[in-house]
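Take a look at the structure below.
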Amino acid sequence: MASVQSNVDWQSTKNTILERNRQMFNNSDMSDISFTCEGSDKTFYAHKYVLATSSAVFHAMFYGGLAVKDSILHLSDTNDESLEQFLRFLYTEKCTLTADNVVTTRYLAKKYIIPSLNEKCVNFLLENLNPENVLDILEQMIRFDEKELEKQCWEIIESSTGKVVASDSFNNISQTTLAKLLKRDILKIPEVELFQAVLKWIDFQCSRKNLKPTGENRRPIIGEAIYDFRFIGMSQAEFVQHVSKSGLLTSDELVPIYEKFLGFDSPALKWNLPNRKPGNIVRFSRFSKIAVEEVRETWRYGRTPDRLCFSVNEEAFLLGVRLFGDKGRSKYHVTFEVKEAKVTGTYISERNQDDIPGFDVMLNKPVILKQNEVVTLSATIEGPQSCGSKNGIQSITLQEISVTFSNSPPPHNGTQVNQGQFHKIILEI
Numbered sequence: 047m048a049s050v051q052s053n054v055d056w057q058s059t060k061n062t063i064l065e066r067n068r069q070m071f072n073n074s075d076m077s078d079i080s081f082t083c084e085g086s087d088k089t090f091y092a093h094k095y096v097l098a099t100s101s102a103v104f105h106a107m108f109y110g111g112l113a114v115k116d117s118i119l120h121l122s123d124t125n126d127e128s129l130e131q132f133l134r135f136l137y138t139e140k141c142t143l144t145a146d147n148v149v150t151t152r153y154l155a156k157k158y159i160i161p162s163l164n165e166k167c168v169n170f171l172l173e174n175l176n177p178e179n180v181l182d183i184l185e186q187m188i189r190f191d192e193k194e195l196e197k198q199c200w201e202i203i204e205s206s207t208g209k210v211v212a213s214d215s216f217n218n219i220s221q222t223t224l225a226k227l228l229k230r231d232i233l234k235i236p237e238v239e240l241f242q243a244v245l246k247w248i249d250f251q252c253s254r255k256n257l258k259p260t261g262e263n264r265r266p267i268i269g270e271a272i273y274d275f276r277f278i279g280m281s282q283a284e285f286v287q288h289v290s291k292s293g294l295l296t297s298d299e300l301v302p303i304y305e306k307f308l309g310f311d312s313p314a315l316k317w318n319l320p321n322r323k324p325g326n327i328v329r330f331s332r333f334s335k336i337a338v339e340e341v342r343e344t345w346r347y348g349r350t351p352d353r354l355c356f357s358v359n360e361e362a363f364l365l366g367v368r369l370f371g372d373k374g375r376s377k378y379h380v381t382f383e384v385k386e387a388k389v390t391g392t393y394i395s396e397r398n399q400d401d402i403p404g405f406d407v408m409l410n411k412p413v414i415l416k417q418n419e420v421v422t423l424s425a426t427i428e429g430p431q432s433c434g435s436k437n438g439i440q441s442i443t444l445q446e447i448s449v450t451f452s453n454s455p456p457p458h459n460g461t462q463v464n465q466g467q468f469h470k471i472i473l474e475i
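What follows is the structure, given as structure tokens:
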């Protein structure tokens with residue numbers, strides 16, 4: 047509703063131009079132009095002088111050679127909330143931006159060439175973009191062809207995929223946006239969890255159309271995007287439990303995938319995309335460089351596992367660990383366990399770029415580390431005496447991820463925060 051001024055001498059109570067402009071915002075008094083927009087019955091009252099002194103576009107519209115004569119302008123490319131904030135800024139240099147109105151408000155700022163408002167909108171987006179709202183903003187970025195900000199959205203989606211697909215917005219994205227997401231080569235989420243999230247999205251679309259969530263109804267909803275899953279990146283058990291039972295794939299499509307799991311390549315296989323690339327891989331050493339340089343081959347092994355606990359301050363993926371070896375390229379048989387993951391193999395001790403002997407033990411698939419979750423590393427090692435450093439660091443921070451180590455209850459073969467095995471842990475962050 048337009049503001050109403052009952053005091054005929056209101057001007058004497060306003061001490062600055064800004065105060066007087068604020069008084070005239072959406073005020074029918076002396077208004078010579080008004081705005082309406084699609085889907086709303088609201089009318090916004092304005093003044094050509096204020097608009098024209100704020101925008102060269104408005105100046106041309108109202109005072110140029112082809113000036114419009116209408117007293118009402120209908121805008122079909124905006125909504126009333128964004129239009130209100132846009133006009134408020136022209137009158138008061140202030141506006142209230144939200145995740146719902148910022149993109150369209152910025153669109154108006156660009157359309158009518160208001161650089162200061164455009165900058166305000168961009169700063170708001172960059173400061174408030176997060177995994178919970180990124181999908182809502184992404185779809186608007188795509189709609190308005192905002193390439194740079196769209197890129198920022200994809201970076202958040204790639205680095206925080208688990209949180210993004212768990213957000214309330216995920217079920218409401220379009221099929222086109224989902225297809226773009228599935229084409230990404232970097233997504234920080236196990237493929238099976240991505241599939242489960244997409245299956246929920248499919249079933250949500252079924253419910254909107256009053257369809258039962260059957261394979262016959264599910265497949266047309268996802269369409270060609272089904273071929274952008276990396277099914278071979280799952281374990282065979284995950285594929286059987288979640289994908290096979292979903293009804294999304296036909297028998298003719300399932301057989302070549304099973305053959306691939308068994309080591310046979312079939313020309314009928316339609317899923318040949320490489321596994322998604324890992325994110326940023328960081329190696330966290332729990333010993334200072336000086337401490338590591340002083341290692342001696344004094345660490346002995348029996349049947350007791352070396353164990354150590356640690357936690358991270360932000361969700362990350364554990365890819366593996368680097369264990370100390372000896373200086374003679376000896377072989378070590380290792381059973382490495384963490385949470386429910388387990389890997390067994392024989393490894394050769396080699397010097398890495400730090401010139402410290404050891405070997406990487408990598409998991410078959412990344413293990414999700416929840417924020418502040420304490421997990422236990424366990425390595426049962428068979429082999430000759432190896433190096434084992436002292437003066438360990440309890441906490442280390444790299445790229446805003448902090449890793450904190452703590453002692454494991456016995457048995458731990460002597461490995462503790464200040465000494466022992468587990469030279470480095472390898473995370474994807």
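Final position of the sequence shown in the numbering used here is 475; the numbers increase by one with none missing. Built from N, CA and C at the ideal position, the CB exists for glycine as well. This one's a predicted model, so the numbers in the text were calculated from it and none came from an experiment.
**Report entry** Residues bridged to Thr82 (per DSSP)
**Finding:** His120
Requested in this report: Less than 8 Å between the CB atoms is what I'm expecting for Val289 and Phe277, so what's the real figure, rounded?
Outcome: 6 Å
Query raised in the report: Of the choices Ile268, Pro456, Glu84, Ala98, whose alpha-carbon is the least far from that of Ile159?
Result: Ala98
Report task. Check Pro412 in the structure and name its three-state DSSP category. Result -> strand
Requested in this report: Pair every Cβ in the segment 136 to 146 with every Cβ in the segment 161 to 173, then say whether three or more of these pairs are closer than 8 Å.
Outcome: The segment 136 to 146 is in contact with the segment 161 to 173.
Query raised in the report: Can you give, in chain order, each stretch of the alpha helix (DSSP H) that sits fully within the segment 173 to 232 and has at least 4 residues?
Result: 180 to 189, 193 to 205, 207 to 211, 221 to 228
Query - Cβ separation of Arg329 and Lys416, assumed to be a contact under 8 Å, to the nearest whole Å - result: Their Cβ separation, rounded to whole angstroms, is 21 Å, which puts Arg329 and Lys416 out of contact at 8 Å.
**Report entry** Sub-8 Å separation of Leu240 and Ala362 beta-carbons
**Finding:** Not in contact: Leu240 and Ala362 (Cβ atoms no closer than 8 Å).
Query raised in the report: Start and end of the beta strand (DSSP E) containing Glu474?
Result: 470 to 474
Query raised in the report: Roughly how many whole angstroms lie between the Cα atoms of Thr62 and Asn147?
Result: 29 Å
Query raised in the report: Taking contact to mean at least 3 C-beta pairs separated by less than 8 Å, is the segment 437 to 454 in contact with the segment 389 to 406?
Result: no
Query raised in the report: Which class does Val168 belong to by DSSP, given the choice of helix, strand or coil?
Result: helix
Requested in this report: With DSSP as the reference, label Phe451 as helix, strand or coil.
Outcome: strand
Query - Completely contained alpha helix (DSSP H) runs for the segment 82 to 159, where each covers 4 or more residues - result: 94 to 100, 102 to 109, 126 to 138, 148 to 157
Query raised in the report: Beta-carbon separation of Ile268 and Ile248 under 8 Å?
Result: yes
Requested in this report: Can you give me the start and stop residues for the alpha helix (DSSP H) that Asp274 sits inside?
Outcome: From DSSP, Asp274 is part of no alpha helix (DSSP H); its letter is neither H nor E.
Requested in this report: Flag this pair as yes or no: are the beta carbons of Asp126 and Ser100 separated by less than 8 Å?
Outcome: no
Report task. Check the C-beta distance from Leu315 over to Leu365 and give it rounded, since I have them as a contact under 8 Å. Result -> With a Cβ gap of about 27 Å, Leu315 and Leu365 do not count as contacting.
Query - Leu423 vs Val389 beta-carbon contact at 8 Å - result: For Leu423 and Val389, no; Cβs fall outside 8 Å.
Requested in this report: Can you tell me which of Val96, Gly429, Val421, Pro313 puts its alpha carbon nearest to the alpha carbon of Tyr347?
Outcome: Considering only alpha carbons, the answer is Gly429.
Query - alpha helix (DSSP H) runs contained entirely in the segment 280 to 359, provided each spans 4 or more residues - result: 297 to 307, 335 to 339
Query raised in the report: For the candidate residues Cys433, Arg265, Glu396, whose alpha-carbon lies nearest to that of Thr296?
Result: Nearest C-alpha to Thr296: Arg265.
Query raised in the report: Is it true that the CB of Ser452 sits closer than 8 Å to the CB of Cys355?
Result: yes
Query raised in the report: Just reading off the beta strand (DSSP E) that Ile394 is part of, what are its end residues?
Result: Element bounds for Ile394: 387 to 394.
Report task. Check the C-beta distance from Arg68 over to Thr138 and give it rounded, since I have them as a contact under 8 Å. Result -> 5 Å
Query raised in the report: CB-CB under 6 Å to Ile327, same chain, minus the five flanking residues each way: which ones, in chain order?
Result: Glu474
Report task. Take Pro455 as the anchor and find which of Ile427, Val421, Cys433, Ala106 has the nearest alpha-carbon. Result -> Val421 is the residue among Ile427, Val421, Cys433, Ala106 whose C-alpha sits nearest the C-alpha of Pro455.
Query raised in the report: From Lys323, Ile118, Phe135, pick the residue whose C-alpha is nearest to that of Leu64; which is it?
Result: Phe135
Query raised in the report: Are the CB atoms of Leu369 and Val358 nearer to each other than 8 Å?
Result: no
**Report entry** Inter-residue CB distance, Thr461 and Arg353 (contact presumed, cutoff 8 Å)
**Finding:** About 6 Å; that satisfies the 8 Å criterion.
Query raised in the report: Gly293 and Asn321: beta carbons closer than 8 Å?
Result: no
Requested in this report: Note down the Cα distance separating Leu245 from Gly110, rounded to an integer number of angstroms.
Outcome: 56 Å
**Report entry** Environment of Ser331 [buried if 16+ CB atoms lie within 10 Å]
**Finding:** buried
Query raised in the report: Between Leu154 and Cys83, is the Cβ-Cβ spacing less than 8 Å?
Result: no
Query raised in the report: With DSSP run on the structure shown, which of helix, strand or coil describes Phe363?
Result: strand
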